[in-house]
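FYI, the numbering for the sequence shown is 20 to 333, going by my numbering.
Beta carbons: idealized from backbone N, C-alpha and C, even for Gly.
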Amino acid sequence: MKPTLHQRLTFAFVLLLTQSFTLVLQAQDTTSYIQTLDVYTGKTDTVLVAQQHFEAPNWHPANYLIVNSYGKLYRLDLASRKTTMINTSFVNQCNNDHGLSPDKKWLAVSHNDKTDTSSKPYKSAIYIVPVNGGEPRKVTTQVPSYWHGWSADGNTLAYCAERNGNYDIYTIDVKGGTERRLTDNEGLDDGPDYAADGRYIYFNSYRTGHMQIWRMFANGSKPEQLTFDTNSNWFAHPSPDNKFVVYIAYASDEKQQHLFGKNVKLRLLDLHTMQSKDITPVFFGGQGTINVPSWSPDSRKVAFISYAVSKASN
Numbered sequence: 020m021k022p023t024l025h026q027r028l029t030f031a032f033v034l035l036l037t038q039s040f041t042l043v044l045q046a047q048d049t050t051s052y053i054q055t056l057d058v059y060t061g062k063t064d065t066v067l068v069a070q071q072h073f074e075a076p077n078w079h080p081a082n083y084l085i086v087n088s089y090g091k092l093y094r095l096d097l098a099s100r101k102t103t104m105i106n107t108s109f110v111n112q113c114n115n116d117h118g119l120s121p122d123k124k125w126l127a128v129s130h131n132d133k134t135d136t137s138s139k140p141y142k143s144a145i146y147i148v149p150v151n152g153g154e155p156r157k158v159t160t161q162v163p164s165y166w167h168g169w170s171a172d173g174n175t176l177a178y179c180a181e182r183n184g185n186y187d188i189y190t191i192d193v194k195g196g197t198e199r200r201l202t203d204n205e206g207l208d209d210g211p212d213y214a215a216d217g218r219y220i221y222f223n224s225y226r227t228g229h230m231q232i233w234r235m236f237a238n239g240s241k242p243e244q245l246t247f248d249t250n251s252n253w254f255a256h257p258s259p260d261n262k263f264v265v266y267i268a269y270a271s272d273e274k275q276q277h278l279f280g281k282n283v284k285l286r287l288l289d290l291h292t293m294q295s296k297d298i299t300p301v302f303f304g305g306q307g308t309i310n311v312p313s314w315s316p317d318s319r320k321v322a323f324i325s326y327a328v329s330k331a332s333n
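This is how it looks when you write it as structure tokens:
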């Protein structure tokens with residue numbers, strides 16, 4: 020069947036975004052500030068300043084963060100502040116959609132599988148690998164698929180995927196098999212992250228024509244909008260104690276785009292009062308800042324990345 024205009028535009032946008040991001044990195048120097056924020060006191064600590072483009076911290080209870088950089092995954096020890104590459108074998112084109120299993124023994128990664136026979140410009144597939152490194156096992160068979168959440172019982176992965184020209188939220192058994200589509204609205208649904216008690220999946224959606232935070236029951240039923248402001252709100256991550264949701268807010272309306280190099284801030288939604296507040300000032304960030312779950316195990320802190328960019332010298 021001939022693709023619709025919407026399908027062609029979707030595919031062209033993904034390709035353009037991938038190419039543009041690569042060109043930005045080639046033309047500019049990026050400084051990454053890997054930071055932790057105490058959501059109760061507002062205190063921010065800078066763990067590492069690096070002349071390297073790091074993204075998307077996950078927080079392991081053994082006192083280290085997992086981040087990605089240029090397709091590879093790294094462990095950042097919070098005590099020594101040293102980075103160590105994680106051996107993921109042939110899975111070496113990882114993007115910033117990765118995260119830990121509930122028992123912290125496994126890592127889900129999203130890898131650009133260039134061997135896939137699809138004609139799509141970007142071929143992200145989901146794999147799981149032992150958290151200390153090892154041989155990956157492929158979970159999804161269709162591309163692109165971008166991991167975002169792991170169910171509390173460890174049995175199910177939630178992810179954003181493009182199928183037939185639209186990005187929606189899907190789940191799949193951790194052992195693989197048939198995927199299940201949870202959303203089918205026009206416009207982007209992205210960033211599904213499970214609540215610790217397994218009741219809800221939190222996500223961001225453009226279904227109203229403005230990117231906002233939503234949640235639905237884990238089976239995809241009864242979607243509920245949670246934010247209603249003028250920010251472009253992305254990537255809602257519920258705390259382990261189920262009291263808060265942290266998310267990234269673009270200060271400008273970015274439509275369905277989640278770009279690097281924008282004015283953003285972190286906000287905190289109190290799940291008791293259902294009120295949100297800023298927990299950082301506006302900073303330079305966006306893509307890579309807080310794509311995936313980054314709460315500390317005690318629900319007190321979140322990890323995130325801000326950036327500075329300068330033109331590279333010739």
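Check whether the segment 245 to 264 touches the segment 228 to 235, taking contact to mean three or more Cβ pairs, one atom from each stretch, closer than 8 Å.
yes
Can you give the Cα-Cα distance for S325 and S51, rounded to whole angstroms?
What you label residue 325 is simply residue 306 of the sequence shown in a count that begins at 1. What you label residue 51 is simply residue 32 of the sequence shown in a count that begins at 1. Those two C-alpha atoms are separated by around 6 Å.
According to DSSP, residues forming a beta bridge with E181:
In the sequence shown, the residue the question calls residue 181 occupies position 162. Looking at the DSSP assignment, E181 forms a beta bridge with Y186.
Just the Cα atoms here: how many angstroms apart are F236 and S329?
Numbered from 1 along the sequence shown, position 217 holds the residue referred to as residue 236. Numbered from 1 along the sequence shown, position 310 holds the residue referred to as residue 329. Roughly 44 Å between the two C-alpha positions.
Here's a check: name, in chain order, each residue in its chain whose Cβ is nearer than 8 Å to the Cβ of N282, leaving out the five neighbours to either side.
Along the sequence shown, read from residue 1 onward, the residue named residue 282 stands at position 263. Closer than 8 Å at the Cβ level, and outside the excluded window around N282, lie Y269, A270, S271, V301, F302, F303.
Using 9 Å as the limit for Cβ to Cβ distance, is N115 near chain C?
Note that chain C does not occur in the displayed structure, where there is just one protein chain.
Does DSSP put H72 in a helix, in a strand, or in coil?
Working through the sequence shown from its first residue, we reach residue 72 at position 53. Coil.
Going by the beta-carbon positions, is the gap between G153 and N106 smaller than 9 Å?
To locate residue 153, count along the sequence shown from 1; it is residue 134. To locate residue 106, count along the sequence shown from 1; it is residue 87. Their beta carbons are under 9 Å apart, which means G153 touches N106 by this criterion.
With 16 other Cβ atoms within 10 Å as the buried cut-off, status of H72:
The residue given as residue 72 occupies position 53 in the sequence shown. It is buried - the Cβ of H72 has at least 16 other Cβ atoms within 10 Å.
For H130, the three-state DSSP class (helix, strand or coil)
To locate residue 130, count along the sequence shown from 1; it is residue 111. Three-state DSSP puts H130 in a strand.
Does the segment 122 to 130 come within contact of the segment 141 to 160, defined as at least 3 CB pairs closer than 8 Å?
Because the criterion of three Cβ pairs below 8 Å is met, the segment 122 to 130 and the segment 141 to 160 touch.
Whose C-alpha, out of D317, P316, L245, is nearest the C-alpha of K296?
Working through the sequence shown from its first residue, we reach residue 296 at position 277. Out of D317, P316, L245, L245 has the C-alpha closest to the C-alpha of K296.
As assigned by DSSP and simplified to three states, the class of R319
The count along the sequence shown starts at 1 and reaches residue 319 at position 300. Three-state result, R319: coil.
Using a Cβ-Cβ cut-off of 8 Å (strictly less than) and excluding sequence neighbours within five positions of K194, which residues of its own chain qualify?
Taking the first residue of the sequence shown as position 1, residue 194 is located at position 175. Annotation for K194: V158 place their beta carbon closer than 8 Å to its own, counting only its chain and skipping 5 residues before and after.
Let me make sure I understand the geometry here. Which of A171, E181, N174, R100 has the alpha-carbon closest to that of L137?
The residue labelled residue 137 in the question sits at position 118 within the sequence shown. It is worth fixing the name first, because residue 137 is Ser in this sequence and not Leu. That would be E181, whose Cα lies nearest to the Cα of S137.
S315 versus Y165, D116, A144, H256, residue with shortest Cα-Cα distance
Looking up residue 315 in the sequence shown gives position 296. Check the Cα spacing between S315 and each of Y165, D116, A144, H256: the tightest is with H256.
Residues in the same chain with beta-carbon distance under 8 Å from E205, minus the five sequence neighbours each way, listed in chain order, please.
Start at 1 with the first residue of the sequence shown, and residue 205 comes out as number 186. N185, R226, listed in sequence order.
According to DSSP, is F109 part of a helix, a strand, or is it coil?
Position 90 of the sequence shown, counted from the first residue, corresponds to residue 109. Coil, per DSSP.
May I ask you to list the residues that DSSP assigns as paired with R199?
Residue numbering aside, residue 199 sits at position 180 when the sequence shown is read from its first letter. Note: R199 sits in a beta bridge opposite T190.
Who pairs with M235 in a beta bridge, going by DSSP?
Indexing the sequence shown from 1 puts residue 235 at position 216. Beta-bridge pairing links M235 to I220.
R94 to S240, Cα distance in whole Å?
If you number the sequence shown from 1, residue 94 lands on position 75. If you number the sequence shown from 1, residue 240 lands on position 221. Each residue's alpha carbon lies about 37 Å from the other.
Where does the unbroken beta strand (DSSP E) through Y266 begin, and where does it stop?
Counting from 1 along the sequence shown, the entry for residue 266 is found at position 247. Segment 263 to 269, the beta strand (DSSP E) holding Y266.
Report the rounded CA-to-CA distance for D64 versus I309, giving the unit in angstroms.
Along the sequence shown, one-based indexing puts residue 64 at 45. Along the sequence shown, one-based indexing puts residue 309 at 290. In a straight line, the C-alpha of D64 is about 16 Å away from that of I309.
Cα-Cα separation between N114 and K101, rounded to whole angstroms
Position 95 of the sequence shown holds residue 114. Position 82 of the sequence shown holds residue 101. Each residue's alpha carbon lies about 21 Å from the other.
Nearest-angstrom Cα distance between S318 and N261?
Counting from 1 along the sequence shown, the entry for residue 318 is found at position 299. Counting from 1 along the sequence shown, the entry for residue 261 is found at position 242. When rounded, the distance between both Cα atoms is 9 Å.
Flag this pair as yes or no: are the beta carbons of N82 and L119 separated by less than 9 Å?
Your numbering for residue 82 matches position 63 in the sequence shown. Your numbering for residue 119 matches position 100 in the sequence shown. N82 places its beta carbon 9 Å or farther from that of L119.
Using a Cβ-Cβ cut-off of 6 Å (strictly less than) and excluding sequence neighbours within five positions of Y219, which residues of its own chain qualify?
Taking the first residue of the sequence shown as position 1, residue 219 is located at position 200. Contacts found: R234.
Hey, would you say V58 sits closer than 9 Å to I298, going by beta carbons?
Here residue 58 refers to the residue found at position 39 when the sequence shown is read from its first residue. Here residue 298 refers to the residue found at position 279 when the sequence shown is read from its first residue. When the beta-carbon positions are compared, V58 and I298 come within less than 9 Å of each other.
Boundaries of the beta strand (DSSP E) in which A81 is found, first to last residue:
One-based indexing of the sequence shown puts residue 81 at position 62. Looking at the DSSP string, A81 is not in any beta strand (DSSP E), and its letter there is neither H nor E.
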